[in-house]
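I have placed the structure first, in the form of C-alpha cells, so that the comments after it can refer back to it.
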Amino acid sequence: MKLQKSALIKRLVIFAAGIFIMATGVSFSVKSDLGVSPVTSVPYVLSRIFGLSLGTWTIFFYIFCMALQAAILRREYKLINLFQIAASFAFGWFTDLSTRMISFLPVTDNYIVRFVYLALGICCVAFGILLYLTTALIALPTDGTVQAISYKGGFKLHKVKIAYDSVSTAISLVLSLAVLRGLNGLGVGTVIASFGVGRMLGVFTALLKKRLTRFLNIPPDDGPAPPRRTLHTRGNAKKAG
Numbered sequence: 001m002k003l004q005k006s007a008l009i010k011r012l013v014i015f016a017a018g019i020f021i022m023a024t025g026v027s028f029s030v031k032s033d034l035g036v037s038p039v040t041s042v043p044y045v046l047s048r049i050f051g052l053s054l055g056t057w058t059i060f061f062y063i064f065c066m067a068l069q070a071a072i073l074r075r076e077y078k079l080i081n082l083f084q085i086a087a088s089f090a091f092g093w094f095t096d097l098s099t100r101m102i103s104f105l106p107v108t109d110n111y112i113v114r115f116v117y118l119a120l121g122i123c124c125v126a127f128g129i130l131l132y133l134t135t136a137l138i139a140l141p142t143d144g145t146v147q148a149i150s151y152k153g154g155f156k157l158h159k160v161k162i163a164y165d166s167v168s169t170a171i172s173l174v175l176s177l178a179v180l181r182g183l184n185g186l187g188v189g190t191v192i193a194s195f196g197v198g199r200m201l202g203v204f205t206a207l208l209k210k211r212l213t214r215f216l217n218i219p220p221d222d223g224p225a226p227p228r229r230t231l232h233t234r235g236n237a238k239k240a241g
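If you count by the UniProt record's numbering, then the sequence shown holds residues 1 to 241, one letter each, in order.
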C-alpha cells in the first residue's frame with residue numbers, strides 16, 4: 001500500500017537518523033584504535049593505503065557492492081535499488097562529518113578510555129541499525145549484497161552475513177599486511193564488534209522496537225524486509241518477524 005506523505009517523511013527522517021548514528025559509531029570505533037567492525041574494515045584499510053578519507057572509500061566500496069548486487073541478481077535487479085546510491089553518499093558524508101565532530105576527544109593510550117570509545121561505537125552502530133532497518137525503506141549496499149547472495153544461493157541470511165564479514169576481514173588483513181606491513185584497523189575491537197553489535201541490537205530491539213513501529217505506523221510484525229521484498233518487489237511480500 002502506498003505510504004502517505006507524512007508517514008514517508010517520518011520514515012525518511014528516522015532512516016537518515018539511523019545511518020548518521022551508525023556512521024558516528026564507525027567514527028568512535030576508529031577513534032578507539034582497537035579495531036573497526038568487519039563491514040568497515042575494507043574501506044578503512046583502503047583509506048590508509050591511498051590517503052582518501054574513510055567516508056570517501058566507504059562510498060566507493062558501497063558502489064562496488066551495488067554493482068555486485070546487480071551482477072548477482074541480473075534481470076531480477078530492480079531500479080529502485082539505485083536509491084542505494086543516495087544512501088551510500090549520505091553514509092560516507094556522515095562518516096566524515098561525525099569524525100570531525102568527535103575530533104575534540106583525546107587520542108590516548110589509556111585502554112579504559114579506548115574501550116569506552118569502542119563501547120560507544122558498538123552501541124551507536126546497533127542503535128542506528130535498528131532505526132534504519134525498522135523503516136523498511138531500503139537496505140544499505142552491504143546489507144543488500146548479503147540479502148542478494150542469500151536469495152540467489154538459497155542460503156540462510158545469518159550464515160551469509162557471517163561469511164561476508166569473514167571475507168571482508170580476510171581481505172582487509174591481506175591488504176594491511178601486504179601493503180601497510182602491519183595490522184591497521186584490525187584488532188580485538190574487530191572481534192568484539194562482530195559479537196557486540198548483534199548483542200546490543202537485540203537489547204535495543206527488545207526495548208524500543210514496539211515504540212518505534214508505533215511511531216512509524218508500521219504493523220508490529222513488519223520488520224526488516226526479506227530479500228524478495230527488498231530487492232525484487234514493491235508489493236506485499238511475506239513479512240519477516
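Every residue, glycine too, gets a C-beta built ideally from N, C-alpha and C. Just so you know, these numbers come straight off a predicted model, no measurement behind them.
| Stretch pair the segment 102-116 + the segment 45-59: three plus CB contacts closer than 8 angstroms | No, they do not touch.
| With DSSP run on the structure shown, which of helix, strand or coil describes T108? | Along the sequence shown, read from residue 1 onward, the residue named residue 108 stands at position 108. Coil, per DSSP.
| query | Thinking C-beta only, is V188 closer than 8 angstroms to S37? | reply | The residue you call residue 37 lines up with position 37 of the sequence shown. The residue you call residue 188 lines up with position 188 of the sequence shown. In this structure, V188 does not lie closer than 8 angstroms to S37 by Cβ.
| field | Opening and closing residue of the alpha helix (DSSP H) in which T56 lies | value | Locating residue 56 in the sequence shown gives position 56, counting from the first residue. Where T56 is concerned, the enclosing alpha helix (DSSP H) stretches over L54 to L73.
| Under 8 angstroms between C-beta atoms of I192 and F127 | By 1-based counting over the sequence shown, the position of residue 192 is 192. By 1-based counting over the sequence shown, the position of residue 127 is 127. Cβ distance not < 8 angstroms, so I192 and F127 don't count as in contact.
| query | Are the Cβ atoms of T95 and G55 separated by less than 8 angstroms? | reply | Working through the sequence shown from its first residue, we reach residue 95 at position 95. Working through the sequence shown from its first residue, we reach residue 55 at position 55. Annotated as proximal: T95 and G55, with beta-carbon spacing under 8 angstroms.
| task | Please say whether T145 and Q69 have beta carbons closer to each other than 8 angstroms? | result | Here residue 69 refers to the residue found at position 69 when the sequence shown is read from its first residue. Here residue 145 refers to the residue found at position 145 when the sequence shown is read from its first residue. By the CB criterion at 8 angstroms, Q69 and T145 fall inside the cutoff.
| task | Pull up the CB-CB distance for I14 and L216, whole angstroms please, since I reckon it's below 8 angstroms. | result | Within the sequence shown, numbered from 1, the residue matching residue 14 stands at position 14. Within the sequence shown, numbered from 1, the residue matching residue 216 stands at position 216. Contact holds; Cβ gap of about 6 angstroms.
| Where does the unbroken alpha helix (DSSP H) through L8 begin, and where does it stop? | Reading the sequence shown from its first residue, position 8 is the one you call residue 8. Its alpha helix (DSSP H) spans residues K5 to S32.
| request: Say whether the segment 129-149 touches the segment 99-110, bearing in mind that this needs 3 or more beta-carbon pairs closer than 8 angstroms, one atom from each stretch. | output: Using a C-beta cut-off of 8 angstroms, the segment 129-149 makes no contact with the segment 99-110, since fewer than three inter-stretch Cβ pairs fall below that distance.
| message | Quick check on DSSP: helix, strand or coil for R48? | response | Taking the first residue of the sequence shown as 1, we reach residue 48 at position 48. R48 falls in the helix class under three-state DSSP.
| query | Whose CA, out of S6, F155, T142 and R75, lies closest to the CA of F64? | reply | Stepping through the sequence shown from its first residue, residue 64 is reached at position 64. For the residues S6, F155, T142 and R75, the minimum Cα distance to F64 belongs to T142.
| message | Assuming I162 is part of the alpha helix (DSSP H), what are its boundary residues? | response | Sequence index remark: in the sequence shown, residue 162 carries index 162 (1-based). Taken as a continuous stretch (DSSP letters only), the alpha helix (DSSP H) holding I162 covers L157 to L175.
| query | From Y151 to L140, what does the alpha carbon distance come to, in whole angstroms? | reply | Taking the sequence shown and counting its residues from 1, one reaches residue 151 at position 151. Taking the sequence shown and counting its residues from 1, one reaches residue 140 at position 140. Answer to the nearest angstrom: the Cα atoms are 16 angstroms apart.
| task | Count the other CB atoms, across all protein chains shown, that sit within 10 Å of the CB of K5; report buried if there are 16 or more and exposed otherwise. | result | Taking the sequence shown and counting its residues from 1, one reaches residue 5 at position 5. It counts as exposed.
| said: Rounded to the nearest angstrom, what separates W171 and I102 at their Cα positions? | reply: Stepping through the sequence shown from its first residue, residue 171 is reached at position 171. Stepping through the sequence shown from its first residue, residue 102 is reached at position 102. Correcting the residue type first, residue 171 is Ile in the shown sequence and not Trp. Taking the straight line from one Cα to the other gives about 28 angstroms.
| message | Would F91 and A17 qualify as a contact pair, given that the criterion is a beta-carbon distance under 8 angstroms? | response | Position 91 of the sequence shown, counted from the start, is the residue given in the question as residue 91. Position 17 of the sequence shown, counted from the start, is the residue given in the question as residue 17. Not a contact, by the Cβ cut-off of 8 angstroms.
| request: Tell me whether the beta-carbon of R11 lies closer than 8 angstroms to the beta-carbon of L137. | output: The residue labelled residue 11 in the question sits at position 11 within the sequence shown. The residue labelled residue 137 in the question sits at position 137 within the sequence shown. Cβ distance < 8 angstroms, so R11 and L137 count as in contact.
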